[in-house]
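Student: UniProt numbering applies: residue 1 is where the sequence shown begins, and numbers increase by one. First the structure, which I've put down as structure tokens, then a few questions once you've had a look.
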Amino acid sequence: MAIILSIETSTPICSVALHREGKILGEKSLDVPGVHSEKLMGMIDSLLHECQLSIEDVTAVAVSEGPGSYTGLRIGVSVAKGLAFGGDIPLIAISTLKALSYGASSQVEESGLIVAMLDARRMEVYREVFDHNLKSLEKLDSEIIDENSYSELLSSGKVYFVGDAVKKVSEVLVHPNAVFLDVSISADYVGVLAHQKFQKDEFADLAYFVPNYLKEFKALQSKKNPLLI
């Protein structure tokens, strides 16, 4: 019976969740910027205690792979890799934007499209386009948003925008087919998608997995310790 611990730290929200066979057992979230390194392990310990489980009961560790905050992703992935390595259990990587889209999917018409987006800077966003079944239609990329963005998609039907960039995008993108959803990222969504991957044995390579920062960062990677990113 698969018990998956999921970690989401790609945004200012720090979130952890436990799932058994894809059903949520418990979740903890903290929306306070800059506290991921200080609070994450304590949140995991507290959640395990509340669910009457120990880390030895965990079958796999799932983590949001990005895009998102460089520091947040680095912290979350480091902890996830450490737990997976220490417990000799699989690591499962989940796209932040796909997890967001899953969180929004219950509010989306079957014919609608989902644009999951995270704030980059100014009017730039990280975005990916999905259909109602979470199939990627336009691959992950960064984009500068203006009043003409997504005009082709919007002309053909409802487009649902989700993520922490929605507020600034809604101020410049005005169209009757544009729907802006208030959905926050959550480790719960990561865990549901992770269970699907677990059933297919789709695991990350623990030694070589790194977050998807999308943009290049001038950061040195350790070639000696696979737990360092």
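Here a beta-carbon is modelled for each residue, glycine too, at the ideal position from N, C-alpha and C.
Can you give me the Cβ contacts of Val162 inside the same chain, cut-off strictly under 6 Å, excluding the 5 residues immediately before and after it?
Tutor: Leu100, Ala104, Ala116, Leu181 and Val183
Student: Which of the three DSSP states, helix, strand or coil, is assigned to Leu153?
Tutor: helix
Student: Helix, strand or coil: which one does DSSP assign to Leu30?
Tutor: strand
Student: Counting C-beta neighbours from all protein chains within 10 Å, is the total for Tyr126 16 or more, i.e. buried, or is it exposed?
Tutor: buried
Student: In whole angstroms, what is the alpha-carbon distance linking Phe203 and His175?
Tutor: 40 Å
Student: Are there 16 or more other CB atoms within 10 angstroms of the CB of Thr71, so buried, or fewer, so exposed?
Tutor: exposed
Student: Could you give the C-beta distance for Leu137 and Phe130, rounded to a whole number, given that I count them as a contact under 8 Å?
Tutor: 6 Å
Student: Is Tyr213 near Pro90, with beta carbons less than 8 Å apart?
Tutor: no
Student: Can you tell which of Glu38, Ser6, Glu65 and Met1 has its C-alpha closest to the C-alpha of Leu48?
Tutor: Ser6
Student: Using beta-carbon positions only, say whether Val58 and Ala80 come within less than 8 Å of one another.
Tutor: no
Student: One question on the structure: do His195 and Ile4 come within less than 8 Å of each other, judged by their Cβ atoms?
Tutor: In this structure, Ile4 lies closer than 8 Å to His195 by Cβ.
Student: Please state the DSSP three-state secondary structure of Tyr126.
Tutor: strand
Student: Just the Cα atoms here: how many angstroms apart are Leu113 and Gly22?
Tutor: 25 Å
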